[in-house]
């Protein structure tokens with residue numbers, strides 16, 4: 319799908335190393351924790367308050383995959399829908415650093431750590447970013463390290 323340039327706020331050139339963008343916040347909902355886990359990660363500490371109380375977490379905890387999904391929702395709504403995004407070739411790592419509980423308010427930040435033009439596609443640039451998610455206490459709960467491809471505002475000449 320081609321995006322009209324006038325609707326795009328971020329091209330690859332806007333994502334230099336060191337660029338940090340705030341992606342907004344989401345509050346974790348108790349029923350959503352259970353609904354997500356029921357479908358995708360049906361472990362007792364994600365599904366049942368009593369079982370979770372007896373677990374290492376001490377109370378109901380969101381699946382790490384649910385935490386990733388909440389981060390993705392923030393990323394799409396607050397950045398990718400305004401960017402020349404062409405998708406992602408993948409992640410280097412995902413780390414769940416602390417449990418996430420219903421009622422937590424999570425805030426996401428994206429930081430560009432690498433950026434280069436793609437040799438095979440002169441109209442595309444590749445970025446490597448760290449997605450860092452924090453709870454309301456400022457404690458980091460998630461680190462995702464991965465790549466994104468973005469259309470370039472000014473494509474380079476194709477290498478001969």
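Numbering (the numbering used here), first residue to last: 319 to 478. Yeah, the Cβ is synthetic: ideal placement off N, Cα and C, and Gly gets one too.
In or out: residue 472 buried (at least 16 other Cβ within 10 Å) or exposed? exposed
Residue 391 by DSSP, collapsed to three states: which one? helix
Counting only runs of 4+ residues fully inside the stretch 357–383, write out the alpha helix (DSSP H) ranges in chain order. 362–365, 367–371
In its own chain, which residues sit with a C-beta less than 8 Å from the C-beta of residue 346, not counting the 5 before and 5 after it? 380, 388, 418, 419, 420, 421, 422, 423, 424
Among residues of its own chain, excluding the 5 on either side of residue 328, which ones have a beta-carbon nearer than 8 Å to its beta-carbon? 397, 400, 401, 402, 468
What does the alpha-carbon distance come out to for the pair residue 449 and residue 372? 31 Å
When 409, 350, 377 are compared against residue 385, the one with the closest alpha-carbon: When only C-alpha atoms are compared, the closest one is 350.
Which residues share a DSSP beta bridge with residue 436? DSSP output for residue 436 lists no bridge partner at all.
Under 8 Å: do the stretch 358–376 and the stretch 434–441 share three or more Cβ pairs, one atom per stretch? no
Since residue 445 and residue 339 should fall inside the 8 Å C-beta cutoff, what is the C-beta to C-beta distance between them, to a whole number of angstroms? In fact, because the Cβ distance is near 11 Å, the residues do not count as touching under 8 Å.
Best match in 453, 462, 331, 461 for proximity to residue 343 [C-alpha to C-alpha]: Looking at 453, 462, 331, 461, the one whose alpha-carbon comes closest to that of residue 343 is 453.
Inspect the beta-carbon positions of residue 500 and residue 335 and report whether they are closer than 8 Å. Nothing about residue 500 can be read from this structure; the chain reaches only from 319 to 478.
Applying the 10 Å Cβ sphere with the 16-neighbour rule, what's the burial state of residue 433? buried
In its own chain, which residues sit with a C-beta less than 6 Å from the C-beta of residue 362, not counting the 5 before and 5 after it? Cβ-Cβ distances below 6 Å link residue 362 to 369 in the same chain, with the five nearest sequence neighbours on each side left out; the list follows chain order.
For residue 414 and residue 382, which I take to be in contact (beta-carbon distance under 8 Å), what is that distance rounded to the nearest angstrom? 4 Å
My guess is that residue 353 and residue 364 are in contact by the Cβ rule of under 8 Å, so how many angstroms apart are they, rounded? Incorrect: roughly 10 Å between the Cβ atoms, too far for contact.
Would you mind stating whether residue 426 and residue 463 have Cβ atoms separated by less than 8 Å? no
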